[in-house]
Amino acid sequence: MDDATSQMLRSSVGQVLRGDGERRLSDRLGDLGWDEVIADDFQGATAILFEEKGAMLGGGDALGPLLTRLLSGPLEDGGLGSASMILPLALHPDHPSTVVKSGKLDVRGIALSCPCGGSSVTPVRDDRGSITLGRIGPDVTWECARIEGTDPDLGLRRVAAVVPAAHAELADPTVAAPAWNAAVAGGRWALSLELVAIGRTVVRDAVDYTSVRKQYGRPIGTFQALQHRLASAYASVVGAHRVGLEAADTGSEWAAVVAKALAGRAAESACTQAQQSYGAVGFTWEHRFHRYLRRTYLLDRLLGDWRTLESEIGAAVMRQAQAPRIGVL
Amino acid sequence: MPESRLDSYESPAAYAAAFARFLADDRRVARFRHYRPPDLEQGAAHLRALQQVLFDEGWSRLGWPERCGGLGGDPKFRAAMFETLWDFDIVIPEPYSTLEILAPVMLVYAPHLAERFFSALLRGDESWAQAFSEPDAGSDLAALRTRMEPDGDGWRLTGQKVWSSYGHLAQRSVLLARSGGPGHRGLTMVLVDLDQEGVEVRPIRAEDGENHFSEIFLDGAYLPGDRVVGELGGGWGVAMYMLQWERGAYGWLQQGRFHNRLSYALQQSDGDTTVYAATVGHAYAASTALRLQTRDTVRRLANEEVLGPEVSVDKLLLIDAETAAWDSIRQLLGSGFEVEDDLAWLRAEFLFSRAAPIYGGSQEIQRTLVAQRVLGMPREP
Chain A
906 MDDATSQMLR SSVGQVLRGD GERRLSDRLG DLGWDEVIAD DFQGATAILF EEKGAMLGGG
966 DALGPLLTRL LSGPLEDGGL GSASMILPLA LHPDHPSTVV KSGKLDVRGI ALSCPCGGSS
1026 VTPVRDDRGS ITLGRIGPDV TWECARIEGT DPDLGLRRVA AVVPAAHAEL ADPTVAAPAW
1086 NAAVAGGRWA LSLELVAIGR TVVRDAVDYT SVRKQYGRPI GTFQALQHRL ASAYASVVGA
1146 HRVGLEAADT GSEWAAVVAK ALAGRAAESA CTQAQQSYGA VGFTWEHRFH RYLRRTYLLD
1206 RLLGDWRTLE SEIGAAVMRQ AQAPRIGVL
Chain B
52 MPESRLDSYE SPAAYAAAFA RFLADDRRVA RFRHYRPPDL EQGAAHLRAL QQVLFDEGWS
112 RLGWPERCGG LGGDPKFRAA MFETLWDFDI VIPEPYSTLE ILAPVMLVYA PHLAERFFSA
172 LLRGDESWAQ AFSEPDAGSD LAALRTRMEP DGDGWRLTGQ KVWSSYGHLA QRSVLLARSG
232 GPGHRGLTMV LVDLDQEGVE VRPIRAEDGE NHFSEIFLDG AYLPGDRVVG ELGGGWGVAM
292 YMLQWERGAY GWLQQGRFHN RLSYALQQSD GDTTVYAATV GHAYAASTAL RLQTRDTVRR
352 LANEEVLGPE VSVDKLLLID AETAAWDSIR QLLGSGFEVE DDLAWLRAEF LFSRAAPIYG
412 GSQEIQRTLV AQRVLGMPRE P
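Residue numbers (our numbering), protein chains in the order written: chain A, 906 to 1234; chain B, 52 to 432.
Now the structure itself:
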């Protein structure tokens, strides 16, 4: 999309994110004609949604609808788009906590939105040990508890149910596993852009604060120690952004892992350096900084935290015995 | 390569594919593959022959303007050439990186000198060195004192330069001197011949045992009047223009090295995945961030955009990647890294990597630039 369209979309998405928090984010985006927007430019629109959500600390679930949308095609399930996404308890996509037990689906996980009364989808470890996807119908009684957790605003839920075969459908693992990996890649680059937006925002806010806060008769932002902290964090954020955009453009699963690792690390570093710049006031409940910090920690966990991902990346290149280059000239 | 084939390369990728076929087939190239220089001087001499082949066949001339001896075309062809050389495990001749930094400046600020000398540089018939730093002017470059005084139609240079990379192998030097009063307004960029009376170049042995840089002593060295680069007194602006190439295009070159050397270490390693994975993963991710950031910079430079202070971000990412990549390479090779004598070449590269936060503008200078000029933090009172 061109710059003008992108600016318009940014501002509309901003309004949606500021809007009524009681309604589902996906419903509010629906008012905007999100399906058409996505059909027009999936990568561009998704990037804008996650970047704005990061910068504004927008509540609600953007990741679930993205994952179910990406799964709909390969699973040939048009109704999947409105399903609730249930992630493994570890929040890592490769370690499902839902298993098949005595012909029933023993579902345990963390739902990105409330599954009650609607259908849901979750990765499953089947009885052969393969990863597949389980589609769960609406007529299920859920144990469903809202999670306060690190970031209560995200509205996560801890869910559990033992679902009889009649209400659950397991996809063919040979289709489901690659579909899940591709969807995870989409989720990872989107989250990386959200984390990057948080990183940029906290650095910018800290720059603003240190430019006016005075000690020893001068703005503390004139001190090199603080300048270097924020500059260093900013550079990491820019680097992560580049890789996030590459992963979005190419859809490469490998690039998406690297993007998510870099973004998680960069956003955490940005928060650490910003917090130090704020001094004591940054530790108050009243200051909004802790909300960025909480959001960063939680988003970092979703689909794999940066430390885990860095280890996985390292193990993968060691297995291949080469360091493949991401991105063509 | 006949010049008429030039327009058959529509993209850097098409060029890279054709260049790869050349490297695979041409017998003259074989001796440069997997070449490990025994020392810096022999390496430079050996690779000069590669420069000749690549120039005579036209490969290295693509992406440089025709008016200075290039064959024209997208400057990204140059970036593609470096990438393809690494694919064949061919080390990039040092003069190519010097050219990436110096040539764009000459093309803009001294086209007459670019036209006169460029071909010889690109072919390896001569080499140039940058001479900015002085014993009392490192990070504080504007404090430099090398004097430039009028003498007939030309000038005389007197002073001392230091940390001039590959200075002892160079015939000429792009040098920053003081033609006027104090501060950055009194500086002028010049191109001075090193093989003349009144110039003494002494190599400095670096911690890896190699003569990476030199001191240059100038005692009334002659500078012809047409050797001023840019305006008299405009040296600071020329230096700043140069830095965007030094911080951007150079980073692209280096990420190729990190990927290559990391792959080498991964092939050699029998290290425990569980122990080294995190270190290796971090190094790989950092190198990728550098690669994609500098790819964008290379693209913008190819579009003739003038980059601002944002390019210091490239250098900061280069420092992170260079440090992390070499730390992980050393880890992967275990005790062999310290005790295997046939790894001397790799140890030398490792030891030189410790200069990453220092060369080309220190990490502290880059952070200050990003803080003040990109983020807009207030300057010190």
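A virtual CB, placed ideally from N, CA and C, is assigned to each residue, including glycine.
Keep in mind it's a predicted model, so treat the numbers as computed, not measured.
Which value, in whole angstroms, describes the spacing of the CA atoms of residue i and residue j?
| i | j | result |
| --- | --- | --- |
| V1012/A | G332/B | 33 Å |
| L426/B | L962/A | 21 Å |
| S1137/A | R229/B | 33 Å |
| V1143/A | A95/B | 36 Å |
| P116/B | A1111/A | 45 Å |
| A71/B | W377/B | 27 Å |
| I1237/A | A1153/A | Residue 1237/A lies beyond the residue range present for chain A, which begins at 906 and ends at 1234; the question has no answer from this structure. |
| S59/B | N354/B | 21 Å |
| M291/B | Y273/B | 25 Å |
| V942/A | G959/A | 20 Å |
| E297/B | G189/B | 16 Å |
| P1083/A | R84/B | 39 Å |
| F403/B | Y1202/A | 37 Å |
| G888/A | A1050/A | Only positions 906 to 1234 of chain A appear in the structure, and residue 888/A is not among them; the question remains open. |
| A139/B | L74/B | In the sequence on display, residue 139/B carries Phe and not Ala. Cα to Cα, the separation comes out at about 8 Å. |
Short check: CB of residue i to CB of residue j, under 7 Å?
| i | j | result |
| --- | --- | --- |
| V1064/A | V1045/A | no |
| G203/B | Q102/B | no |
| L383/B | A316/B | yes |
| L1234/A | A69/B | no |
| A1226/A | Q318/B | yes |
| P881/A | S1024/A | Examination of residue 881/A is not possible in this model, given that chain A is present from 906 through 1234 alone. |
| T1108/A | A1175/A | Looking at the sequence itself, residue 1108/A is Val, so the reference to Thr does not match. It is a contact, given that the beta carbons lie within the stated cut-off. |
| E183/B | L227/B | In the sequence under discussion, the amino acid at residue 183/B is Phe, which differs from the Glu named in the question. For F183/B and L227/B, yes; Cβs fall inside 7 Å. |
| A1140/A | V364/B | yes |
| A193/B | H235/B | yes |
| G302/B | L341/B | yes |
| L996/A | A967/A | no |
| L985/A | T973/A | yes |
| E1074/A | R1040/A | yes |
| T467/B | S386/B | Only positions 52 to 432 of chain B appear in the structure, and residue 467/B is not among them; the question remains open. |
| A1088/A | L976/A | yes |
Can you find the residues in the same chain that come closer than 8 Å, C-beta to C-beta, to residue i, ignoring five residues on each side of it along the sequence?
| i | result |
| --- | --- |
| D277/B | H163, L164 |
| L367/B | Q414, Q417, R418, V421 |
| E54/B | Low confidence applies here, because E54/B scores a pLDDT of 47, under 50, leaving its location unreliable; read the following figure in that light. Correct list, in chain order: G109, L122. |
| G120/B | R112, E166, F169, S170, L173 |
| Q247/B | A272, Y273 |
Closer than 7 Å by C-beta to residue i: which residues in its own chain qualify, once you throw out the five before and the five after it? Chain order, please.
| i | result |
| --- | --- |
| M157/B | L164, A165, V280 |
| L136/B | I143 |
| V1117/A | P1124 |
| G924/A | R933 |
| L971/A | T951, G1091, G1092, A1095 |
| L1204/A | L1096, E1099, L1100 |
| R1200/A | L962, D1056, I1103 |
On a CA-only basis, which of the options is nearest residue i? Give me that one, please.
| i | options | result |
| --- | --- | --- |
| R1230/A | A228/B, A337/B, K127/B | A337/B |
| R196/B | V225/B, W179/B, S170/B, G231/B | G231/B |
| A221/B | E258/B, L172/B, G234/B | L172/B |
| Q295/B | I255/B, L352/B, E251/B | L352/B |
| S216/B | T209/B, G237/B, E185/B | E185/B |
| A1164/A | W1211/A, G978/A, R1196/A | W1211/A |
| E1236/A | R346/B, G260/B, A329/B | No statement about residue 1236/A is possible, as the shown extent of chain A runs from 906 to 1234 and does not include it. |
| T1079/A | T1037/A, E981/A, G965/A, T1177/A | T1037/A |
| G285/B | L98/B, F128/B, Y160/B | Y160/B |
| V1222/A | E389/B, L313/B, W396/B | L313/B |
| R198/B | P146/B, L238/B, A399/B | L238/B |
| P126/B | T374/B, F133/B, G114/B | G114/B |
Whose C-beta lies closer than 6 Å to the C-beta of residue i among residues of the same chain, with five residues either side of it excluded?
| i | result |
| --- | --- |
| E1215/A | A1166 |
| A1145/A | V1101, L1167, A1168, A1171 |
| L257/B | Checking the sequence shown, residue 257/B turns out to be Ala, not Leu. Within the same chain, A257/B has close Cβ partners H263. |
| M52/B | In this predicted model, M52/B has a pLDDT of only 48, less than 50, meaning its place in the structure is not dependable enough to derive any value. |
| W206/B | M199, L274 |
Which bits of chain C does residue i rub up against, with CB to CB less than 7 Å?
| i | result |
| --- | --- |
| L1167/A | No chain C is present in this structure, whose protein chains are A and B. |
Beta strand (DSSP E) segments (min. 3 residues) lying fully within the region 136-217 of chain B: 179-182, 198-202, 205-216
Segments assigned beta strand (DSSP E), at least 3 residues, entirely inside the region 340-393 of chain B: Runs of the beta strand (DSSP E) inside the region 340-393 of chain B: none found.
Whole runs of the alpha helix (DSSP H) within the region 64-142 of chain B, excluding any shorter than 4 residues: The region 64-142 of chain B contains these whole alpha helix (DSSP H) runs: 91-107, 127-138.
Inside the region 1150-1201 of chain A only - alpha helix (DSSP H) runs reaching at least 4 residues: DSSP assignment within the region 1150-1201 of chain A yields the following whole alpha helix (DSSP H) runs of 4 residues or more, N-terminal first: 1158-1183.
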